[in-house]
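Undergrad: Taken in order, the sequence shown gives residues -19 to -1, 1 to 534; the numbers are from mature numbering (1 follows the signal peptide of the UniProt record, and there is no 0). Quick reminder that beta carbons are idealized off the backbone N, C-alpha and C, glycines included. On a predicted model such as this, the values are computed, not experimentally measured, just so you know.
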Amino acid sequence: MAILVLTSLVALCIVAVTAFKVFIISKSSNLQPDRTIDTLQTVTKAHASPLFRIPNAGWGAGYSRLIWAFRQEYRGNVTLELPKLHETLGSSVFPLKPLTRVATDSIVLLGPLIRIGPNELSFYSIDIYDTVHKVNSGFVKDPRNYGEFVQDEHPALFSITDPQEHAKRRRILGQLFSRSNIEKLEGLMLHHIDNFVSAVERRSVSFDIGPACRALEADIISDFSFGEALSAVSAWSKGEEVALVSKNDEKATFLPLMMNFPLLYSTWVRVEDFLCHIEGLRTSSKKGLQQYDEWTHKAWVRNKDPGRKSQFPNLLNVMVSAGVPTQTALSEAKENLGPGTDTTSASLAHILYALSWNPTYQQKLYKDLASHGFPTDFNTLENIPRLRACVKEGIRWAGASVAMLPRVVPKGGVELCGNFVPEGTIVTSSPVWYLRDKYAYPNPELFNPYRWIDDYGLNTTEDVLRDKFYIAFSKGANTCIANHFSYLELYMSVAKMVANFEISPANERHRPAQVAGLNNADWQPVQLPKRKEWVSAVVTEPLLIKTVPRRHV
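Here you go:
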């Protein structure tokens, strides 16, 4: 009798759990609860999928991406949580050895595959990354994701999903972004960096370096893209912030809603447009976007003026001259501003913040710059070991470009880590995981330029594993075309700030704790500030510094 009761209770529990699953899935899939047949088919399909044996990121992930993935994306945690799951969940399913440094630098990662949706896998493996992102791999960008980045219905380089069209656009933009052409922009960058240095010099109190760097990069990118700067540094110097710059992070938080609830989001946009038209009501985000549209239109009109000459090339003119339709060129320029501003500014802010805790390193870097006559040219700057180490470590540590890069498995499917993954499956990963890999970069959460140079700061060092995992600008066909642009901005900005100021933390009481075995006489490792991660990393605490003008002898 007791066994019968126990069996009945177990059966009842199974029915209850199944019913709860059905109800949750019906809600998260916008289905009516009474359409249980369709919902049960969803459950059956999830269990019958070739992906079934791959561990789920969380309960229900195999049934709907809204149950686990959406919640993490919306909170800005998905790229923070998935690496942990790859190690804990994956290691119990995939009998793989831990990654170790061996003579051949061959590598195997724990738990390379995690299921985050019915038809979506997250992968953490540099070898899979190479397979997916290499030229002509057959893996194309996921239209569901990249479609949300399209400006004014005209896809730009980042949002183009067709490989042939992407290659064509990349060839056109290559006229501007090649190493030799980027060097021609030194004067444009120097003009805005000098304005920034002057604005910082007028600051008599401590300040958050994050918004300051974002203003600088907004001016550089807008001038480069449209032939006209936003004057964001001028606004920052007055204690203000240009709305379209300050609202960029806010837009990033909406992307999970846009991708997972497109109908709901488009309905909200139409309602917002209606209220704006009838009542004049505008959210701060809407106001910022409208101001951006107005500014870009005016900038384009002024840019077309034949009597207006600029000594520097800009993205709009180069594209139109190459035969690209005007509206497409405008969309490319608009799409360039957001990522270009966020990523490089975050790297610069993190570098200057880390340097503020390290006066000895600062002083030696100052002497290095002085010995070269405080250069501004690309070749000289990148060959100063202490500066190069700071910039490369800053890009790695800040990990500003954190977006997952989803790709669609090509026709016929593919085998990954011994698992058959059918065609049409979405596979995704984030470059930032490899920049934080604890085997390639021991204590990855610490800023430590001595990963890249010898103890004397005189020579760069070789490290095959470190360099293999350094994919800050991704790799393959979709390597960030602006990598040279970003490096030049950072080299020049860091060099100018160190040449003109002694930088210190605003509050010495928050000095980072000592780390055993890592301390170089010239460097105190600095802990990564708290953050959220959407398309770009968003620091959730101010990076407060003080600057004192140097006395040049």
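Can you tell which of 408, 195, 488 and 205 has the C-alpha that lies nearest to the C-alpha of residue 292?
TA: As a position in the sequence shown, residue 292 is number 311, starting the count at 1. The shortest C-alpha separation from residue 292 is found at 205.
Undergrad: From the DSSP output, in three-state form, read off residue 135 for me.
TA: One-based indexing of the sequence shown puts residue 135 at position 154. Residue 135 falls in the strand class under three-state DSSP.
Undergrad: Bridge partners for residue 526 per DSSP, in chain order?
TA: Residue mapping note: residue 526 aligns to position 545 of the sequence shown, counting from 1. According to DSSP, residue 526 bridges with 188 and 486.
Undergrad: Please report how far the alpha carbon of residue 468 lies from the alpha carbon of residue 401, in whole angstroms.
TA: On the sequence shown, position 487 is the one that residue 468 refers to. On the sequence shown, position 420 is the one that residue 401 refers to. Each residue's Cα considered, the two are about 40 angstroms apart.
Undergrad: Opposite residue 104 in the DSSP bridges: which residues?
TA: Residue 104 sits at position 123 when you count from the first residue of the sequence shown. Answer is 94, bridged to residue 104.
Undergrad: With DSSP collapsed to three states, give me the class of residue 410.
TA: In the sequence shown, counting from the first residue as 1, residue 410 sits at position 429. Residue 410 falls in the coil class under three-state DSSP.
Undergrad: Could you check what DSSP says for residue 326 in three-state terms: helix, strand or coil?
TA: Translated into positions along the sequence shown, residue 326 becomes position 345. In this structure, residue 326 counts as helix in the three-state DSSP scheme.
Undergrad: Secondary structure at residue 462, three-state DSSP: helix, strand or coil?
TA: For the purposes of this step, residue 462 is taken as residue 481 along the sequence shown, with counting starting at 1. The answer is coil: DSSP assigns residue 462 none of H, G, I, E or B.
Undergrad: Beta-carbon separation of residue 375 and residue 326 under 8 angstroms?
TA: One-based indexing of the sequence shown puts residue 375 at position 394. One-based indexing of the sequence shown puts residue 326 at position 345. In this structure, residue 326 does not lie closer than 8 angstroms to residue 375 by Cβ.
Undergrad: Which residue from 156, 523, 284 and 342 puts its Cα closest to that of residue 578?
TA: The chain is shown from -19 up to 534; residue 578 falls before or after that span and cannot be answered.
Undergrad: Where does residue 275 land, buried or exposed, given buried means 16+ other C-beta within 10 angstroms?
TA: The count along the sequence shown starts at 1 and reaches residue 275 at position 294. By the neighbour-count rule (16 or more Cβ atoms within 10 Å), residue 275 is not buried but exposed.
Undergrad: Quick check on residue 358: buried or exposed, where buried means 16 or more other Cβ atoms within 10 Å of its Cβ?
TA: Taking the sequence shown and counting its residues from 1, one reaches residue 358 at position 377. The residue in question, residue 358, is exposed, as its Cβ has fewer than 16 Cβ neighbours within 10 Å.
Undergrad: On the CB-based measure, 16 or more other CB atoms within 10 Å of its CB, does residue 245 come out buried or exposed?
TA: For the purposes of this step, residue 245 is identified with residue 264 of the sequence shown, where counting begins at 1. By the 10 Å Cβ count, residue 245 comes out exposed.
Undergrad: Determine whether the beta carbon atoms of residue 336 and residue 484 lie at a separation below 8 angstroms.
TA: Position 355 of the sequence shown, counting from 1, holds the residue named residue 336. Position 503 of the sequence shown, counting from 1, holds the residue named residue 484. Cβ atoms of residue 336 and residue 484: closer than 8 angstroms.
Undergrad: Pick out whichever of 446, 139 and 395 has its Cα sitting closest to the Cα of residue 127.
TA: The residue you call residue 127 lines up with position 146 of the sequence shown. Comparing Cα positions, the closest option is 139.
Undergrad: Let me check understanding here. Comparing Cα to Cα, which of 461, 165 and 216 lies closest to residue 151?
TA: Numbered from its first residue, the sequence shown carries residue 151 at position 170. Residue 461 is the option with its Cα nearest to residue 151.
Undergrad: Beta strand (DSSP E) containing residue 214: first to last residue?
TA: Looking up residue 214 in the sequence shown gives position 233. Not the beta strand (DSSP E): residue 214 falls in the alpha helix (DSSP H), residues 213 to 218.
Undergrad: Candidates 166, 414 and 315: which alpha carbon is nearest residue 135's?
TA: Sequence index remark: in the sequence shown, residue 135 carries index 154 (1-based). Comparing Cα positions, the closest option is 315.
Undergrad: If you run the structure through DSSP and keep just helix, strand and coil, what is residue 516?
TA: Within the sequence shown, numbered from 1, the residue matching residue 516 stands at position 535. It is coil, neither helix nor strand.
Undergrad: Under three-state DSSP, which class holds residue 434?
TA: Stepping through the sequence shown from its first residue, residue 434 is reached at position 453. Of the three classes helix, strand and coil, the one that applies to residue 434 here is strand, per DSSP.
Undergrad: From residue 410 to residue 36, what distance separates their C-alpha atoms?
TA: Here residue 410 refers to the residue found at position 429 when the sequence shown is read from its first residue. Here residue 36 refers to the residue found at position 55 when the sequence shown is read from its first residue. Each residue's alpha carbon lies about 16 angstroms from the other.
Undergrad: What number of angstroms, rounded off, separates the C-alpha of residue 295 from the C-alpha of residue 172?
TA: Residue numbering aside, residue 295 sits at position 314 when the sequence shown is read from its first letter. Residue numbering aside, residue 172 sits at position 191 when the sequence shown is read from its first letter. Each residue's alpha carbon lies about 15 angstroms from the other.
Undergrad: Can the beta-carbon of residue 397 be found closer than 8 angstroms to that of residue 420?
TA: As a working note, residue 397 is residue 416 in the sequence shown. As a working note, residue 420 is residue 439 in the sequence shown. Going by C-beta atoms, residue 397 is not nearer than 8 angstroms to residue 420.
Undergrad: Just how far apart, CA to CA, sit residue 437 and residue 452?
TA: Against the sequence shown, residue 437 aligns to sequence position 456. Against the sequence shown, residue 452 aligns to sequence position 471. Those two C-alpha atoms are separated by around 26 angstroms.
Undergrad: Helix, strand or coil: how does DSSP classify residue 428 here?
TA: As a first step, residue 428 must be located in the sequence shown, where it is residue number 447. Reduced to three states, the DSSP call for residue 428 is strand.
Undergrad: Report the CB separation of residue 383 from residue 408 in whole angstroms; it is logged as a contact under 8 angstroms.
TA: Indexing the sequence shown from 1 puts residue 383 at position 402. Indexing the sequence shown from 1 puts residue 408 at position 427. So it is not a contact: roughly 17 angstroms between Cβ atoms.
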